[in-house]
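In my numbering, the protein residues as written are 44 to 213.
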């Protein structure tokens, strides 16, 4: 149970969030709506990250799931692990990813994305060799989009964990 109660999900902002979510509100949305300006901006930012970037779905979801593991954000993991599998990630490798295990079975591109995600999430600063590998893999736009994805979902995970959104839910 979240540390804050849900709010009445009515009004234009709630309607915009519902529209992006296919007609429903998540527990996260119901907490965000305590501040309509935040909920509105969040909806716009995360809508762009999830729906308008050129970054491949599997790489986006891999980064998001790694952030969930590193930041102990179970709700984020439960929301995005199925999306990662749907994007082509082998379901049998989820346990190793969740355990922060050996990524040697992943493709070189996936390992590069994990190294970048780890650096941004753990240390903020990205070593030159990791940046060079990401840039070689994704180019300018892809590097910007991966960086924005990792930054945005670090924000999401920290919000979820701090306010215990989705805690105890299965």
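We put the CB at the ideal spot given by N, CA and C, even for glycine.
Discussion item. Can you give me the C-alpha to C-alpha distance between residue 58 and residue 184, rounded to a whole angstrom?
Written reply: In the chain shown, the residue the question calls residue 58 occupies position 15. In the chain shown, the residue the question calls residue 184 occupies position 141. Computed Cα separation, rounded: 31 Å.
Worksheet item: Hey, would you say residue 84 sits closer than 8 Å to residue 63, going by beta carbons?
Response: Along the chain shown, read from residue 1 onward, the residue named residue 84 stands at position 41. Along the chain shown, read from residue 1 onward, the residue named residue 63 stands at position 20. Pairing residue 84 with residue 63 gives a Cβ-Cβ distance that is not under 8 Å.
Discussion item. Below 8 Å on the Cβ atoms is my contact criterion, and I expect residue 73 with residue 207 to pass it. Report the Cβ-Cβ distance as a whole number of Å.
Written reply: Your numbering for residue 73 matches position 30 in the chain shown. Your numbering for residue 207 matches position 164 in the chain shown. The beta-carbon separation of residue 73 and residue 207, rounded to 13 Å, does not stay under the 8 Å limit for a contact.
Worksheet item: Looking at residue 136 and residue 105, is the spacing between their C-beta atoms short of 8 Å?
Response: As a first step, residue 105 must be located in the chain shown, where it is residue number 62. As a first step, residue 136 must be located in the chain shown, where it is residue number 93. In this structure, the beta-carbon distance from residue 105 to residue 136 does not fall below 8 Å.
Discussion item. Suppose the cutoff is 8 Å on Cβ atoms and the five residues either side in sequence are ignored; what does the same chain contact list for residue 96 look like?
Written reply: Along the chain shown, one-based indexing puts residue 96 at 53. Excluding sequence neighbours, residue 96 sits near 103, 188, 191 and 192.
Worksheet item: So what does DSSP say about residue 183, is it helix, strand or coil?
Response: Position 140 of the chain shown holds residue 183. Reduced to three states, the DSSP call for residue 183 is helix.
Fill in: Own chain, CB closer than 8 Å to residue 176, minus 5 neighbours either side, in chain order
Against the chain shown, residue 176 aligns to sequence position 133. So the list reads 155, 158 and 159, once near-sequence residues are dropped.
Discussion item. Just to confirm, is the Cβ distance from residue 76 to residue 52 under 8 Å?
Written reply: As a position in the chain shown, residue 76 is number 33, starting the count at 1. As a position in the chain shown, residue 52 is number 9, starting the count at 1. Yes; because the gap between Cβ atoms is below 8 Å, this pair is in contact.
Practice prompt. Return the Cβ separation of residue 163 and residue 194 in integer angstroms, given the expectation that the two are a contact with Cβ distance under 8 Å.
Written response: By 1-based counting over the chain shown, the position of residue 163 is 120. By 1-based counting over the chain shown, the position of residue 194 is 151. So it is a contact: roughly 7 Å between Cβ atoms.
Item to complete: Name the residue from 94, 48, 98 and 124 whose alpha carbon lies nearest to the alpha carbon of residue 181.
Response: For the purposes of this step, residue 181 is identified with residue 138 of the chain shown, where counting begins at 1. Measuring from the Cα of residue 181, the nearest candidate turns out to be 98.
Discussion item. So, with DSSP's three-state summary, where would you put residue 96?
Written reply: Looking up residue 96 in the chain shown gives position 53. Three-state DSSP puts residue 96 in coil, outside helix and strand.
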